[in-house]
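Here is the structure we will look at.
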Amino acid sequence: MIALVLALAAAASPIPPAPEKRCGWLSNPTPANYWLRDREGEWTLGEQGGYQAPGMDELPDMTAKGWVATNGSYGYGCACLSVTTDKRTKQVTRIFSGQSVPLKQCRADRRLAKP
Numbered sequence: 001m002i003a004l005v006l007a008l009a010a011a012a013s014p015i016p017p018a019p020e021k022r023c024g025w026l027s028n029p030t031p032a033n034y035w036l037r038d039r040e041g042e043w044t045l046g047e048q049g050g051y052q053a054p055g056m057d058e059l060p061d062m063t064a065k066g067w068v069a070t071n072g073s074y075g076y077g078c079a080c081l082s083v084t085t086d087k088r089t090k091q092v093t094r095i096f097s098g099q100s101v102p103l104k105q106c107r108a109d110r111r112l113a114k115p
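Pasting the structure below:
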């Protein structure tokens, strides 16, 4: 009986969403504000004084290469991130990993809005 209850409880537990790879413009225009703009729109990773997606420390160091500074050291670059999202709110719910990619990859993608 206990085994049956445990099996039913495990079956009723929600399965966490699988990470998805999203590539596009990663913007950090001011402290703690981060967005990823990909082919499906703009996704919020963090807002100053508000929401910060778990895993922000997994973001790549974008300033090492391919970073366009627009406000001191703040700006944008091209990146691919492994994340989970809430499609209703357009919010990144978890960051698992990321890597910067050459700016030319985002510039060549006509389906991406310019940063």
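If you count the sequence shown from 1, position 39 lands on 39 in full-length UniProt numbering, and the numbers rise without skipping.
Glycine included, each C-beta is placed from N, C-alpha and C at the ideal position.
Check, Outcome
"Within the same chain, show all residues whose beta-carbon is closer than 7 Å to that of residue 19, passing over the 5 residues directly before and after it, in chain order.", "82, 83, 84, 96"
"What does DSSP give as the partner residue(s) for residue 85 in the beta ladder?", "92"
"What separation, rounded to the nearest whole angstrom, lies between the Cα atoms of residue 39 and residue 98?", "17 Å"
"If we count the other Cβ atoms within 10 Å of its Cβ and call it buried at 16 or more, is residue 56 buried or exposed?", "exposed"
"Determine the burial state of residue 73: buried for a count of at least 16 other Cβ atoms within 10 Å of its Cβ, exposed for fewer.", "exposed"
"Would you mind giving the Cβ-Cβ distance between residue 77 and residue 26, rounded to the nearest angstrom? I have them listed as a contact below 8 Å.", "6 Å"
"For residue 94, which residues of its own chain have a beta-carbon under 7 Å away from its beta-carbon, when the five flanking residues on both sides are left out?", "53, 54, 55, 83, 84"
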